[in-house]
Each structure stands twice: as C-alpha cells, then as structure tokens.
Amino acid sequence: MRSHIREFDSSTLNESVQNTIMRDLKAVGKKFMHVLYPRKSNTLLRDWDLWGPLILCVTLALMLQRSSVDSEKDGGPQFAEVFVIVWFGAVTITLNSKLLGGNISFFQSLCVLGYCILPLTVAMLVCRLVLLAEQGPINFMVRLFVVIVMFTWSIVASTAFLADSQPPNRKALAIYPVFLFYFVISWMILTFTPQ
Amino acid sequence: MAAVGDLQFEEFGNAAATAAENPGATTISIEGPGESPTHQAGLPRGSGGEEDDELLGNDDSDKTEVFDRIKGSLLPIPGKNFVRLYIRSNPDLYGPFWICATLVFAIAISGNLSNFLIHLGEKTYHYVPEFRKVSIAATIIYAYAWLVPLALWGFLMWRNSKVMNIVSYSFLEIVCVYGYSLFIYIPTAVLWIIPQKAVRWILVMIALGVSGSVLAMTFWPAVREDNRRIALATIVTIVLLHTLLSVGCLAYFFDAPEMDHLPTATAAPNQTVAAAKAR
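So the sequence lines, in the order shown, correspond to chains A and B.
Start counting the first sequence at 977; every next residue gets the next number (our numbering).
Start counting the second sequence at 651; every next residue gets the next number (our numbering).
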C-alpha cells in the first residue's frame, strides 16, 4: 500500500520488522501533521499510503457504531455502514474528479480524502468525551460548535490538496462532492447518541 | 438563460437520433492536464470527449453549463423544451448523479430533524438518528431516477417503431432530464422540516408544478404525433409517478405534525406518541 518513490531504498526485505513498522508509522504521522496544518505541499500526494485512512476509518466506525444490538428501532449506523460510506464515498468522489479531467491519480486522491477525515475523528473523540457530562442544550451547542469547526478544517485541508488538480472552470464541480461527503460524516458524528 | 443560446455551435441538428443511443457522443478519450475546455466557442465533439461517472456520455460540463441546466429545471418556460434548450445532444451525468445523492441525504436528514422537532417535548421520546432511512431513501431515489427513464425510453422506442415521431430522445437525455427535474425537491425537502401540514402540502404543489411541467413539456413533443389517447396517457403517467414519489417521500420520512403540540402534556404523552406512530 505504499508508493515506490524512495530513492535510497535498496531492499527492505532484510530489515527488522520494527524498522518497517516504525518507518510506516512515521510516514503516517508526518501526513497527519500535514493535514492538521495544511500548507501547499506535495508530501501527501507524492508518497501516498492508505494506512492512515484505514486507521482513521476504523477508529471512526468503532466509535460511531451502535452500542447494543437494538435492531427493533432505527438507531445510528453500524460499523459496516460507516465503513461503506467512507470508502464508497471516497471512491465515488475520486472517480468523479478523474472523469472531470483532474490530473491526480486514483490512489493519491483516496489518500488525501482519507487523511482529511482526521479532524472529524478528533471531533468524534471530543463529542464522546462531552457526552459523558450531563445532556442538555449546552452539551449540544458545544458538540455542534466542535463539529462545525472540524468540518470546516477538513474541507479546507482537502481543498488545499485537491483544488490544484482540476482545471479552473471545474473546480466547483469537483469540490462540491467533497463538501457533501464531509457533511454526511459530520452529520453522523453530530447525531451520535449513546444508548 | 441568454448565455445558452449564444455561442454554442452544434454540428448535428436536433433531428431524430434514432440509431445511436448516444448521438455522436461515444468517444472515450481521457485528456491530459493540458487541455482546458472553455464554455465559449463550440466545444470540439470528436476529440474532447470525457466520460462522466460510470456511463458513456460526452461530458463537456463545466460549472456554468451545470448551473444553467439547474436554472432551466427551476424555471420551466411554456413552449421551451428542456432537452432542446439545455441539453442539446450533450447529456451529462454529473448533474443527475449528484443531485440524486444530495436529495437522498436532504430527505433523510430533514426527515430526521423534523421528527426530532415534532416530538421534542414528549417525555417518552428518545432521539434516534434513524440511519436505516438513508439506505431506503437512496434505493427509492436512484431507482426512480434510473428505472423510470429506462421504462419511458423503452416505451418511446416502441412507439417510434409504430408511429414516426419527429422528436425522439436518447436514454441518457431522458436520464438527464429526470435528474435535473429532481433538483426542486432539495429545497422542498429542507422546507418540509416546518411542521405545518398546510405548508407542506403547498410545497408539494409547487414542487410538483415546477418539475412536472418540465417533464410534461419535454415529453409532449415526443408523443404528440401519436394516437391522442396514448399521448395523454403517457404524460399523465409521467406526472402521476412524479406525484407518487413526492407524496410517498413526504409520508414515509416525515411524521405527521400534531394539531396541538403540548410540550409537557397533562394529557397522557403515551397517547400522543401512539397516535403519531399509528399514522
């Protein structure tokens, strides 16, 4: 799941497992930093990997799933539903931007979209902590504020990476699905109610 | 609306494109980053083909074209045909796909919000996100937006073999019209949050009026030559299905607002909840 653009790699088969894991973890961590402080840089695009999106998606889905098997009343999304929405949504947006004439590769786009879920995962953590306190309108206001801020952060981060890959007259057409995608995820986070 | 008629040079006339499903638009070429299609002069059809989404179709859509088509679906002008005016043998799938996606989430989210607001004061009410309704909404909307055009296209093809019609539409054009005609339902769904029956029904009327007339004015020229009764029956069926969609969505996703909403009821709250559920 990693790109092959490494100049000084002769062979990674002989190194210890710890080396491999640490290197990958460091790469993931570096990309997290890039998402948290979005600047115009190519690191996210050049060395794409899908570990980060996987970790984020699994964390988000674990936190969002229903706590008990209460199938008689509609509740929140199941683990599989969150997973499908995130990955299917990301693939659809990537296909959309490819077909609109973007010059970004498939996995690069998946990588960016996946990594930019990080602010929303942080929002989910914060919401779960806030929900431990007493429920009420103030509780809701705090969660609403946090989710809105993180949603904006996600959009800004992903736009910073993705916008340059589109011809200028189609930027809005390519950005709108990203907006819808993060909006749906934010909605799932905001409406999460513990049983 | 003036921009549409201005500078679009078309190579093919708007005559019947009976043979090909995609009249002249089946070129598949992925362009490199160097080209930037402009909206102004006639876009080269043969070379500038780009796919949109999963199906074939020439997509020269840029932002202004999509916006123009959306505007056209919101303001049906009598006598002007949506397909002739805006699509012109250049159907795009961006609009229908993303309008349907937005509509699915608009309905599900608005329904959830409206139910929350209606049952807000009741003691026995516990908020649930009702996530399963998203899948149901997606199935309904996408089935409507693709299967009904398929059936309509098949029907029109069949009638074409019997009666020579001057106007006929390709499958993608029909999908395109249906997709764009659903746009009015997005603000309607959001406004359906208002828990007043009268308001909701007025909104249904308005939305049905706008999108129904777009559809009727599009398909009337295609069946006009045919037997009078069949032509009328076709148009009536189209509008009827559209009505069914909107009324069905309203009934299923949005709970009925109660007449007198008593926040901390001295009357048994269980009764109100049971009555609401019984609807």
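A virtual CB, placed ideally from N, CA and C, is assigned to each residue, including glycine.
Fewer than three beta-carbon pairs drawn from the stretch 1022–1034 of chain A and the stretch 1136–1145 of chain A are found closer than 8 Å, and the two stretches are therefore not classed as touching. If you draw a 10 Å sphere on the C-beta of residue 1010 (chain A), you find 16 or more other C-beta atoms in it, and that means buried. Under the 8 Å criterion on CB atoms, residue 789 (chain B) is classed as non-interfacial with respect to chain A. Using a CB distance cut-off of 8 Å, residue 721 (chain B) does not count as an interface residue toward chain A.
Excluding sequence positions up to five before and after residue 1052 (chain A), its CB lies within less than 8 Å of the CB of 1040, 1041, 1042, 1164, 1167, 1168, 1169, all in the same chain and listed in chain order. With fewer than 16 other beta carbons inside 10 angstroms of its own, residue 1013 (chain A) counts as exposed.
Here DSSP, grouped into helix, strand and coil, assigns residue 1025 (chain A) to strand. Spatial neighbours of residue 857 (chain B) in its own chain (CB-CB distance under 7 Å, excluding positions within 5 residues in sequence) are listed in chain order as 834, 835, 838, 896. About 7 Å separates the Cβ atoms of residue 903 (chain B) and residue 787 (chain B), confirming a contact at the 8 Å cut-off.
Rounded to whole angstroms, the gap between the alpha carbons of residue 1090 (chain A) and residue 1122 (chain A) is 20 Å. Cβ atoms of residue 818 (chain B) and residue 864 (chain B) stay farther apart than 8 Å, at about 18 Å.
Residues of chain B whose Cβ lies closer than 9 Å to the Cβ of residue 1051 (chain A) are, in chain order, 778, 779, 780, 781, 782. At least one CB of chain A lies nearer than 8 Å to the CB of residue 716 (chain B). Bounds of the alpha helix (DSSP H) holding residue 718 (chain B) are 713–724. Residue 1094 (chain A) and residue 1130 (chain A) have their alpha carbons spaced roughly 8 Å apart. Against chain A, the CB of residue 876 (chain B) has no partner CB under 8 Å away; the residue lies outside that interface. For residue 1058 (chain A) against residue 1036 (chain A), the beta-carbon gap comes to about 6 Å, under 8 Å, which counts as contact. Only those residues of the stretch 725–756 of chain B whose C-beta falls short of 7 Å from the nearest C-beta of chain A are listed: 744, 748, 751, 752, 755. Within the same chain, and ignoring the five residues on either side of residue 1135 (chain A) in sequence, the residues whose Cβ sits closer than 7 Å to its Cβ are 1151. Pairing residue 843 (chain B) with residue 753 (chain B) gives a Cβ-Cβ distance that is not under 8 Å.
For residue 1152 (chain A), the C-beta contacts it makes with chain B under 8 Å involve 748, in order along the chain.
Non-local beta-carbon contacts of residue 783 (chain B) in its own chain, meaning distances under 7 Å to residues more than five positions away in sequence, involve 758, 761, 903 in chain order.
In summary, no residue of the stretch 1087–1102 of chain A has a CB separated from any CB of chain B by less than 8 Å.
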